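Numbering (my numbering), first residue to last: 10 to 294.
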């Protein structure tokens, strides 16, 4: 009788990565660009849906920052006698800061719920998930541009002439987008697992508001406080945007540099965390 030999046991081969993956690689950028038409569609859809079946429509993009400017002028300037910087009319001083701030808060509100709000798309179609929160922070740029027309009207009303500093406005708007995208990545990813995030965002923005130089200026703070407030990336955005629009005073380069570094760090950390947990989105949603 011929002996039957038992088959050799199977060996399990484990493949491990030898290094850590970068938060964003050149391949990732190419992949995002390959789906840029999808991102533009999501931006168009978000803008269209936002004001659907509203009586005032896109006028809300103007009314929100303008009404807040009126309230802050009455409260802080008239009641509490808070002064503006460089002898600029206080309404103009505040509204200049409200434009990037309103854009930022709109981004946080939209991006925090972006993944959960697109669950049907995520579970059925393959595409880079980063596109969803990215579209959520690009869409509010339309509102920003609409509100900017009010700022032009205020310049005419107060007899102010534009300054060449206006050319750097896109740089500070880009810094705001960078910050919003980074924070939005954290919030959108956390919201998949913890649905408390949309309830936390309004309180987060309220606290963030008071540590950002919106109703007051950076020069009103002590030097030590200026160093601390520079850790807030939106502080550099607001102060830089004011300098670019109003053309008054000296630029606070140290505040801009620190704020930009923090914004970049927030974005990279947000991409890292988002990429780490995105594989579980379809299961958790």
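Idealized CB from N, CA, C, for every residue including glycine. Predicted model only: the values in this text are computed from it and were never measured.
| Query | Result |
| --- | --- |
| Proximity below 8 Å, CB of residue 6 to CB of residue 159 | Since the first residue shown for the chain is 10 and the last is 294, residue 6 is missing from the structure and cannot be characterised. |
| Cutoff 6 Å; reference residue 242; Cβ partners in own chain excluding five residues on either side | 188, 268, 271, 272 |
| Classification of residue 216 by the beta-carbon crowding that lies within 10 angstroms, buried from 16 upward | exposed |
| Local conformation of residue 257 per DSSP, three classes | coil |
| Separation of residue 93 from residue 233, as counted between CA atoms | 20 Å |
| Where residue 235 falls: helix, strand or coil (DSSP) | helix |
| Through-space distance from residue 283 to residue 296, alpha-carbon basis | A query on residue 296 cannot be resolved here, the shown segment of the chain reaching from 10 to 294 and no further. |
| Local Cβ density within 10 Å of residue 190, reported as buried at 16 or more and exposed below that | buried |
| Rounded straight-line distance, which links the Cα of residue 52 to that of residue 205 | 25 Å |
| Where residue 176 falls: helix, strand or coil (DSSP) | helix |
| Check whether residue 113 and residue 185 have beta carbons under 8 Å apart | yes |
| Close-in-space but distant-in-sequence residues of the same chain around residue 249 (CB under 6 Å, 5 per side omitted) | 181, 265 |
| The segment 79 to 91 touching the segment 149 to 165, judged by at least three CB pairs closer than 8 Å | no |
| Where residue 162 sits in the DSSP three-state scheme | helix |
| Short Cβ contact (8 Å threshold) for residue 201 with residue 275 | no |
| Rounded straight-line distance, which links the Cα of residue 38 to that of residue 121 | 22 Å |
| Buried or exposed by the 16-neighbour rule on C-beta atoms within 10 Å, applied to residue 72 | exposed |
| Contacting residues, own chain, Cβ-Cβ under 6 Å from residue 219 (five flanking each side not counted) | none |
| C-alpha gap between residue 289 and residue 131, whole angstroms | 11 Å |
| Spatially closest choice to residue 109 from 294, 253, 128, by CA coordinates | 253 |
| C-alpha gap between residue 285 and residue 183, whole angstroms | 25 Å |
| Extent of the continuous alpha helix (DSSP H) run through residue 123 | 123 to 126 |
| Cβ pair residue 106, residue 223 closer than 8 Å | yes |
| Option nearest residue 258 by Cα separation, candidates 196, 172, 61, 203 | 172 |
| Within 8 Å, strictly: CB atoms of residue 140 and residue 47 | yes |
| Three-state secondary structure (DSSP) of residue 214 | helix |
| Nonlocal neighbours in the same chain, by C-beta distance under 7 Å from residue 56, ignoring five residues either side | 148, 151 |
| Residue environment, residue 79, which counts as buried when at least 16 other CB atoms sit within 10 Å | exposed |
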